[in-house]
Amino acid sequence: MPTTTTKQALIPLLDLQPLQDGNQDGIELLASKLKAALEEIGFFSIINHGVCWSLVEQIYEATKSLHALPQSEKDALTMDRTHGGYLGMGAGTSYASEIAGEVRKPNQNEAFFVHEGGYREANQYPELEGFQQLTASYIAAMQELAGSLLPVLALSLGLDPDFFAKDFDVPSVTLRMSHYPVMEYSQNEWGLAPHTDSSIFTFLPVNDVPGLEVRPAGYDWIQPPPIPHSFIVNSGDMLKRWTNGRYLSTAHRASNLSDIERYAVPFFYGARDDAVVEPVSTTVSSESQSRYEPITYGDYQRWFLDRNYRGLTGNAASETPP
63 MPTTTTKQAL
73 IPLLDLQPLQ
83 DGNQDGIELL
93 ASKLKAALEE
103 IGFFSIINHG
113 VCWSLVEQIY
123 EATKSLHALP
133 QSEKDALTMD
143 RTHGGYLGMG
153 AGTSYASEIA
163 GEVRKPNQNE
173 AFFVHEGGYR
183 EANQYPELEG
193 FQQLTASYIA
203 AMQELAGSLL
213 PVLALSLGLD
223 PDFFAKDFDV
233 PSVTLRMSHY
243 PVMEYSQNEW
253 GLAPHTDSSI
263 FTFLPVNDVP
273 GLEVRPAGYD
283 WIQPPPIPHS
293 FIVNSGDMLK
303 RWTNGRYLST
313 AHRASNLSDI
323 ERYAVPFFYG
333 ARDDAVVEPV
343 STTVSSESQS
353 RYEPITYGDY
363 QRWFLDRNYR
373 GLTGNAASET
383 PP
């Protein structure tokens, strides 16, 4: 059974109002706060983000409706290497991660993936009225939010605000609509086992059912604060590579820590498929040599998918990225 401590104050809170107002001084301060959050924790919460919360509530309701469909209808939409769709209970195992030494058991959640950009050829959709249009609207809103952070990210690294623009003109994004049923977990079993994300940023809108746990360096597992109408954001493996390890990709896991059904809708934001990711100049020096070889964003994602979902993709990836 998962255990946790609750040092919620460790997770910084970033107010994005300066982005809404175009306040340059406020944006510079925001960049310094983002830098500290990513160097020290790898997670932060955001408020005043500009995403209409009724849209978030609609996507949660759609997630509930999706997972209430007959199992046969969901199974007919099973995902593969190039198509979004359904991932059944126990169909994924968190192998691709910077977390070593953990016992790996199949993840106890079911999920539905909708992709935009990147190498995926097509999505599949359930026969639910308005589902495709709603997910498209939500993804568009989240892309706008994520894109608004790119200049702040660049400033935090001492780069020109437009530095990342060329690599995110057609971003690779994924909406994961997850269901964690009420259950008791065995030893070393979770809804989603300890792992790090492959993305640049991941955005999770808070809800009333706890489940996400984070393990910052030097601490036990903690639950991020459930600030109303906020998103919990974390940096992923590819941002860690882009910053030569300066910005963290922090371990986290998820389960259902309640006696009611839990739903989660993380949004994964990444660069265009052919973007070459290598440490930026401001993170490399004679004292801090480059730790990572160049790799395209898409190649890393393909490895990650094959590593974690080998039963669906038909490919057994190596233990380390290409």
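FYI, in my numbering the residues of the sequence shown are 63 to 384. Just so it is clear, CB atoms sit at the ideal spot from N, CA and C, and this is done for glycine as well.
Under the 10 Å beta carbon count, residue 84 is surrounded by fewer than 16 other beta carbons and is classified as exposed. By the Cβ criterion, the stretch 275 to 283 is not in contact with the stretch 346 to 359, since fewer than three pairs of Cβ atoms, one from each stretch, lie closer than 8 Å.
In the structure shown, the three-state DSSP call for residue 149 is strand.
If you look at residue 172, you'll find it in the beta strand (DSSP E) that goes 172 to 178.
When C-alpha distances from residue 321 are compared across 112, 305 and 271, the shortest belongs to 271. In its chain, beyond the 5 residues on either side, 190 have a beta carbon closer than 7 Å to the beta carbon of residue 127. Of the other Cβ atoms in all chains shown, fewer than 16 fall within 10 Å of the Cβ of residue 248; this residue is therefore exposed. The continuous beta strand (DSSP E) containing residue 255 extends over residues 254 to 257. For the 9 Å CB-CB criterion, residue 103 and residue 327 do not form a contact.
Straight-line spacing of the CA atoms in residue 353 and residue 341 works out to 8 Å. Going by DSSP, residue 329 is part of the beta strand (DSSP E) stretching over 329 to 332. Cα atoms of residue 314 and residue 257: separation of roughly 6 Å, rounded to the nearest angstrom. The DSSP-derived three-state label of residue 311 is coil.
Rounded to whole angstroms, the Cβ separation of residue 330 and residue 197 is 14 Å, and the two are not in contact under 8 Å.
Inter-segment contact for the stretch 299 to 317 and the stretch 254 to 268 is present: three or more beta-carbon pairs are separated by less than 8 Å.
If you ignore the 5 residues before and after residue 108, its C-beta comes within less than 7 Å of the C-beta of 76, 78, 292, 293 and 295, all in its own chain and listed in chain order.
When DSSP states are grouped into helix, strand and coil, residue 93 belongs to the helix group. By the neighbour-count criterion, in which 16 or more other beta carbons inside 10 Å mark a residue as buried, residue 356 falls on the exposed side. Going by beta carbons, residue 303 and residue 243 fall outside the 9 Å limit. Between residue 170 and residue 273, the gap from beta carbon to beta carbon reaches 9 Å or more.
Going by beta carbons, residue 233 and residue 275 fall outside the 9 Å limit. DSSP, read as helix, strand or coil, puts residue 129 in helix. DSSP places residue 267 within a strand segment (E or B) once states are collapsed to three. Under the DSSP definition of a beta bridge, residue 275 partners with 315.
Residue 86 and residue 204 have their C-alpha atoms some 23 Å from each other.
Residue 176 sits buried, since 16 or more C-beta atoms from the chains shown fall within 10 Å of its C-beta. Scanning 117, 143, 110 and 168 for the CA closest to the CA of residue 255 turns up 168.
In terms of Cβ geometry, residue 140 and residue 240 do not form a close pair [threshold 9 Å]. Unbroken alpha helix (DSSP H) runs of no fewer than 4 residues, entirely contained in the stretch 169 to 239, are found at 193 to 218, following chain order.
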